[in-house]
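Before any comments, here is the structure.
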Amino acid sequence: MATIAPEQLIEQLEWRYAVKRFDPDRRIDEATWAALERCLILTPSSYGLQPWRFIVITDPDVKAQLPALSWGQKQPQDCSHMVVLAARKTMDAEYIQRYMQSVVQTRELPPDAMQGYQRVLVSTVEKIDSHLDWNARQVYIALGQLMVGAAMLGVDTCPMEGIDPAGYDRLLGLAETDYTTVVGCAVGYRHPDDAQANAAKVRFSADELITRI
Ligand SMILES: Cc1cc2nc3c(=O)[nH]c(=O)nc-3n(C[C@H](O)[C@H](O)[C@H](O)COP(=O)(O)O)c2cc1C
1281 MATIAPEQLI
1291 EQLEWRYAVK
1301 RFDPDRRIDE
1311 ATWAALERCL
1321 ILTPSSYGLQ
1331 PWRFIVITDP
1341 DVKAQLPALS
1351 WGQKQPQDCS
1361 HMVVLAARKT
1371 MDAEYIQRYM
1381 QSVVQTRELP
1391 PDAMQGYQRV
1401 LVSTVEKIDS
1411 HLDWNARQVY
1421 IALGQLMVGA
1431 AMLGVDTCPM
1441 EGIDPAGYDR
1451 LLGLAETDYT
1461 TVVGCAVGYR
1471 HPDDAQANAA
1481 KVRFSADELI
1491 TRI
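Read in order, the letters of the sequence shown correspond to residues 1281 to 1493 in my numbering.
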């Protein structure tokens, strides 16, 4: 298996920053974009339930409407691909059953192989207070994976909570679905004049943040 050196990982993570100004003339090529979509799909989730949808916006007319729904921020319009990460509003027995069927099919198991586990999972999930909160937490894992994956490929991102989720839901046709906007991620290439690229990273010290036991 090909791996990278620890210093290469850190170099890319130091290179990544939350882009304030994207280059509107640069587009991500198809192969790179396909890898980043795969990155989203490969995101781990609790029990493997994948309680999300990822909406990828490249249509200029739709992108032009996004700053007004994003606290005036221009990244969603100027970036190459704007990703909206949406969480499933609920988690019910029917959905869990559908997931278990896909486990059975993918791994070519006997039809009833997952039934016991499915029952336990349904009763465990029933006890969770807010399914939307739980699902939204999974969505943030996808956000992290997308940003790191992009950085490893030399692609820039800006994670974006400064958006109006209800407005995005309406614009993207999510409002009447089982899914709702949680967070956005603008993906593309930094503008050469984005001053933020030169700002030093502000992080608390390892001594404060990491406890080694
Ligand atoms: C969940 C989340 C939401 C964010 N929302 C925005 C946003 O709406 N607009 C923006 O310019 N930056 C946004 N940021 C970027 C943060 O301000 C930035 O990541 C943080 O200051 C650390 O800086 P760095 O990412 O450049 O290292 C967001 C970051 C995260 C993780």
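All residues carry an ideal CB built from backbone N, CA and C; glycine is no exception.
Computed from a predicted structure; not experimentally measured.
Counting of Cβ neighbours within 10 angstroms places residue 1407 among the exposed residues, the total staying below 16. Cβ-Cβ distances below 6 Å link residue 1296 to 1431 in the same chain, with the five nearest sequence neighbours on each side left out; the list follows chain order.
Under DSSP, residue 1484 forms no beta bridge with any residue.
If you look at residue 1468, you'll find it in the beta strand (DSSP E) that goes 1459-1468. Residue pairing for residue 1337: DSSP places it in a beta bridge opposite 1362. Take the alpha-carbon of residue 1468 and the one of residue 1443: they are about 18 Å apart. Between residue 1449 and residue 1461, the CB-CB gap stays under 8 Å. Your pair residue 1341 and residue 1304 does not check out as a contact, with CB atoms roughly 14 Å apart and the cut at 8 Å. Between the C-alpha atoms of residue 1367 and residue 1326 there is a straight-line separation of about 13 Å. Bounds of the alpha helix (DSSP H) holding residue 1286 are 1286-1295.
DSSP places residue 1444 in the coil class of the three-state scheme, outside both helix and strand.
Rounded to the nearest whole angstrom, the CA to CA distance from residue 1328 to residue 1458 is 18 Å.
Excluding residues up to 5 positions away in sequence, 1373, 1376 lie with their Cβ nearer than 7 Å to the Cβ of residue 1402 in the same chain. With respect to residue 1345, residue 1451 sits close: the two C-beta atoms are nearer than 8 Å. Distances from the CB of residue 1369 to the heavy atoms of ligand 1 are all 7 Å or more.
Judged by DSSP secondary structure, residue 1435 falls outside any alpha helix (DSSP H); it is assigned neither H nor E.
By the neighbour-count definition (other C-beta atoms within 10 Å, threshold 16), residue 1476 is an exposed residue. Of all alpha-carbon atoms in 1353, 1370, 1484, 1423, the one lying nearest the alpha-carbon of residue 1317 is that of 1423. A distance criterion of 7 Å places the beta-carbon of residue 1468 beyond contact range of ligand 1, judged by its closest non-hydrogen atom.
At least one heavy atom of ligand 1 falls within 7 Å of the beta-carbon of residue 1463.
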